[in-house]
Structures are given as C-alpha cells and as structure tokens.
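In terms of my numbering, the sequence shown has 173 at position 29, counting the first letter as 1, and numbering is strictly consecutive. Glycine included, each C-beta is placed from N, C-alpha and C at the ideal position.
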Amino acid sequence: MSAGATGSAPIVLHGARLTLRRAGEVDLPALMSVLESPDVVQWWGRPDVEQLGNDVRGGSVDVVLVIEVDSQTAGLIQYHEENEPNYRHAGLDICLAPQWQARGLGAEALRTLARYLFEERGHHRLTIDPAVTNHRAIACYRAVGFKPVGVMRRYERGPDGSWHDGLLMDLLREELR
Ligand SMILES: CC(C)(COP(=O)(O)OP(=O)(O)OC[C@H]1O[C@@H](n2cnc3c(N)ncnc32)[C@H](O)[C@@H]1OP(=O)(O)O)[C@@H](O)C(=O)NCCC(=O)NCCS
C-alpha cells in the first residue's frame with residue numbers, strides 16, 4: 145500500500161479515455177463551473193467554493209480528483225477513507241458536466257479510482273450513496289459492480305431544503321467489473 149494519499153500528495157490515474165488527477169487551486173474555477181450546472185446541483189446541492197478550496201488544499205478528509213478527458217475538465221471524483229482498522233473502507237462521490245454525461249465516462253472514472261483504492265490503498269470495500277431517485281447514477285454504479293445495501297431514510301437535505309432518502313451501495317474488491 146502506498147503512503148501519503150491524504151494530505152496533498154499528487155495522484156495521477158489513467159483510464160482508457162480519461163485521466164484522474166489530484167485537484168489543485170488552479171482547478172477551482174473549472175470545478176466550480178461543473179458543480180454549478182443545474183444538472184449537478186440537483187444531486188450535489190449548491191457548491192461552496194470555500195469548502196472546495198479547503199478540500200483541494202488537503203484540509204479535509206476528501207481527496208478531490210479532476211476527471212480530465214482530452215485535456216478538458218469533464219468533472220470531479222472524490223474519496224474519503226475510514227482508516228479505523230476494524231471498519232476500514234473508502235467512500236466515493238462523482239459528478240460530470242452535462243456535456244460529458246451518458247458516454248460511459250462515469251463508470252470508467254469509478255473503475256479507475258476503485259482499482260487505485262483496492263490495489264494501491266489496500267481497501268477491500270468501497271461505498272457510494274446516491275439519492276434513491278437518482279436512477280441514472282444507480283444504473284452507473286451497478287454497472288461497475290456496486291450492490292444496494294439499503295435505504296438511508298431522510299439521509300440528506302436537497303437544494304429545496306427537504307430531507308430525502310439515500311441508497312447505500314457497496315462494492316467488494318472481487319466484485320469490481
Ligand atoms: C451519475 C453520473 C456520474 C453517471 O455518469 P455517466 O457517465 O453519465 O453514466 P454512464 O454513461 O457511465 O452510465 C449511465 C448508466 O445509466 C443509464 N441511464 C442513463 N439515464 C438513465 C435514467 N434516466 N434512468 C436509469 N438509467 C439511466 C445508462 O443506460 C447507463 O447504464 P448502462 O451502462 O447499463 O447502459 C453522471 O451522469 C453525473 O455526473 N450526473 C450528474 C451528477 C450526479 O448525479 N452525480 C451522482 C450523485 S450520487
């Protein structure tokens with residue numbers, strides 16, 4: 145297992161069509177533009193530039209990676225690690241700008257990051273938690289091998305201020321497709 149994936153150590157991961165690269169301050173405008181698109185706000189909530197800045201400076205548990213396709217910022221994928229030995233796992237989140245969606249890039253980015261987390265970071269289990277109504281995301285995560293665990297009732301507050309249910313999904317190392 146490689147050391148130093150938290151803090152601000154560089155990470156560069158290659159898929160067939162995309163590169164995942166640890167985000168820096170220079171990426172903030174392009175990432176904010178992805179996060180501000182209404183299609184992303186619907187599922188991620190309104191973005192907070194200060195929080196994102198703190199994340200990319202290594203000031204939080206989230207490790208933020210830019211999804212690059214043809215040298216353009218297509219989206220972001222992030223993970224956080226639970227390192228308590230008896231519960232060790234990593235949780236993932238992803239979003240793509242609308243023009244990059246529905247081309248299989250979400251699944252490819254998740255596979256690329258999952259391989260890194262299993263092979264380099266030594267995890268045996270990953271989690272992801274879409275809204276129960278986010279059918280596209282759930283289909284994408286199933287295609288990668290994530291399985292539904294159960295519904296977390298009134299799990300997160302949406303941009304409309306109401307609490308909605310989340311679907312906890314998990315992926316074991318041998319289930320990655
Ligand atoms: C969710 C997201 C990451 C998926 O990435 P993507 O590249 O668009 O998805 P993919 O092309 O890899 O796969 C989408 C799958 O959903 C299916 N799909 C597309 N629209 C669908 C819909 N409305 N209902 C059900 N399934 C749908 C596709 O057929 C495909 O399934 P398949 O591989 O079995 O054919 C991306 O669409 C996104 O960022 N959306 C906005 C933000 C968001 O929802 N983020 C996730 C929050 S948990």
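Proximity of the stretch 162-180 to the stretch 189-197 meets the contact definition, three or more beta-carbon pairs being nearer than 8 Å. When the alpha-carbon of isoleucine 282 is set against those of Arg298, Asp237 and His267, the nearest one is in Asp237. Residue range 182-188 is occupied by the alpha helix (DSSP H) that includes proline 182. Contact check for valine 288 against arginine 321 passes: the beta carbons are separated by less than 8 Å. In the displayed model, proline 173 falls within a helix according to three-state DSSP.
In this chain, the alpha helix (DSSP H) harbouring glycine 197 covers 193-200.
Per DSSP, the continuous beta strand (DSSP E) segment holding alanine 218 begins and ends at 216-226. In the structure shown, leucine 162 falls within a coil segment according to DSSP collapsed to helix, strand and coil. Scanning Val156, Glu226, Arg265 and Asp183 for the CA closest to the CA of valine 210 turns up Val156. Where isoleucine 238 is concerned, the enclosing beta strand (DSSP E) starts and stops at 233-240.
Taking the Cα positions, asparagine 198 is about 26 Å away from arginine 269. Contact between aspartate 171 and threonine 217 holds, with the beta-carbon distance rounding to 7 Å and staying under 8 Å. The closest heavy atom of ligand 1 lies 7 Å or more from the beta carbon of isoleucine 211. Bounds of the alpha helix (DSSP H) holding isoleucine 282 are 279-288. Spanning the alpha carbons of arginine 301 and aspartate 314 requires a straight line of approximately 22 Å. According to the DSSP secondary-structure assignment, alanine 275 is paired through a beta bridge with Gly310.
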